[in-house]
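Add 491 to the 1-based position in the sequence shown for the working numbering, that's all there is to it.
First comes the structure, then the notes that go with it.
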Amino acid sequence: MQAAGGTALKSRSGLAAALLALGIWLLGLGADQLTKLLALEHLEPGRSIEVLGPVVRFTLIFNPGAAFGMGENATVVFSVFAIVATAVCLFVALPRVRRTWQGIALGLLLAGITGNLVDRLFQPPSPMHGHVVDFIQVPYFAIFNVADICITFAAGLIVLATFLWDKEEEPASEPVTA
492 MQAAGGTALK SRSGLAAALL ALGIWLLGLG ADQLTKLLAL EHLEPGRSIE
542 VLGPVVRFTL IFNPGAAFGM GENATVVFSV FAIVATAVCL FVALPRVRRT
592 WQGIALGLLL AGITGNLVDR LFQPPSPMHG HVVDFIQVPY FAIFNVADIC
642 ITFAAGLIVL ATFLWDKEEE PASEPVTA
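Shown next as structure tokens:
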């Protein structure tokens, strides 16, 4: 549908995709914070509990850095980056969401960013310097949390969509006449 002058009207699907993003964000953030709360209540730092044999263990650690323990002295930088990334997601990306996969990916990304940001803001030792609560351990990989899973799935979904689902229809080429 077009408005007078040929400009396209916003579709309801954009609103639905944005609401989907917000819902997934809140669910993902809630799941992340709930599982971290349970880990803090029931696990001892550094002591592993087998969940699925040696394949999945719960091992509570406090990570001051980023993935794989990198950037241990840059907690404030990661906190500021997460605040800026959250603002960009909410005020730049969210209004542009039009497809279901975009809503899912953005919701997961927001859940992951804000899940770890909550830790950086409210976990010891101090605001903006807080350590992220990690507790899920699989062989040959860093210990992680639900927020990290959300970020990973968001990235995977974006990559899949880029190559499989989000191809713009190219206009049919006109036949060449001599």
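For every residue, glycine included, the Cβ atom is placed at its ideal position computed from N, Cα and C.
Classify residue i as helix, strand or coil using the three-state DSSP reduction.
| i | result |
| --- | --- |
| R611 | helix |
| V623 | strand |
| I640 | helix |
| F632 | coil |
| T498 | Because the pLDDT at T498 is just 34, under 50, the model does not fix this residue reliably, and the value given afterwards should be weighed accordingly. Of the three classes helix, strand and coil, the one that applies to T498 here is coil, per DSSP. |
| E563 | coil |
| R589 | coil |
Please identify the residue among the options whose C-alpha is closest to the C-alpha of residue i.
| i | options | result |
| --- | --- | --- |
| A530 | L651, A596, F553 | F553 |
| C580 | T605, F632, T643, Q628 | T605 |
| A508 | R538, L517, L520, G594 | G594 |
| I574 | L608, A602, A557 | L608 |
| A557 | I634, F654, L648 | I634 |
| N636 | A645, P545, K527 | K527 |
| A544 | P536, P630, G647 | Note on residue identity: the sequence assigns Gly, not Ala, to residue 544. The option with the nearest alpha carbon to G544 is P630. |
Check whether the Cβ atoms of residue i and residue j lie closer than 8 Å to each other.
| i | j | result |
| --- | --- | --- |
| F626 | T550 | yes |
| I642 | L585 | no |
| R611 | F572 | no |
| G598 | A638 | no |
So, under 8 Å CB-CB, residue i and residue j are touching, yes? Tell me the CB distance rounded to an integer number of Å.
| i | j | result |
| --- | --- | --- |
| V542 | H620 | With a Cβ gap of about 30 Å, V542 and H620 do not count as contacting. |
| G521 | V588 | In fact, because the Cβ distance is near 21 Å, the residues do not count as touching under 8 Å. |
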